[in-house]
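K.L.:
Below is a structure I'd like to ask you about.
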Amino acid sequence: MLEVLQTSVDSALAEYVLHFWNRAKGNVPGLLSVPYLDILEDGGVLLTWDREAHHFDVEIAVGRPLEFFYRNRITSDVWEAECAPFAPLSEEVLTALNAFRIVR
């Protein structure tokens, strides 16, 4: 992920993405699986996790709030949320991320 960021986006955006990634890893017990990373046409970055019933993504762009989307394919639970780039992550976001931790 770091290599893609260093070669594909400007340094301010790379810093935002890495800051989010470090907060996410630091708040999930154990290891958090590495997300898919896509560079968006508008210059932002989309991080996506998919595992079994769970889908979670976060769109990150300079000057905009983080945009979260979660869907559970079994229960049809869907939600969206936003937060400032350096604000604490909500319990809802942390609960979603827990579905993607690596259990050994």
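In terms of the working numbering, the sequence shown has 85 at position 78, counting the first letter as 1, and numbering is strictly consecutive.
Glycine included, C-beta positions come from ideal geometry on N, C-alpha and C.
Given the structure is predicted, the values throughout are model-derived calculations rather than measurements.
Rounded to whole angstroms, what is the Cα-Cα separation between Leu39 and Asp49?
P.N.:
Rounded to whole angstroms, Leu39 to Asp49 spans 27 Å at the Cα level.
K.L.:
Alpha carbon to alpha carbon, what distance is there between Glu87 and His61?
P.N.:
Computed Cα separation, rounded: 14 Å.
K.L.:
Whose CA, out of Ser83, Asn79 and Glu89, lies closest to the CA of Ala106?
P.N.:
Minimum Cα distance to Ala106 is reached at Asn79.
K.L.:
Looking only at its chain, what residues have a beta carbon closer than 6 Å to the beta carbon of Pro42, apart from the 5 residues adjacent to it on each side?
P.N.:
Hits under 6 Å: Leu54, Thr55 and Trp56.
K.L.:
How far does the beta strand (DSSP E) with Ala88 in it extend, from its first residue to its last?
P.N.:
Segment Val85 to Cys90, the beta strand (DSSP E) holding Ala88.
K.L.:
Between which residues of its own chain and Val69 is the CB-CB distance below 6 Å, once the five residues before and five after are set aside?
P.N.:
Closer than 6 Å at Cβ, skipping near neighbours: Ala19 and Leu20.
K.L.:
Looking at the C-beta of Glu98, does it have a partner C-beta in chain B at a distance below 8 Å?
P.N.:
Considering every chain present, this structure includes no chain B. It has just one protein chain.
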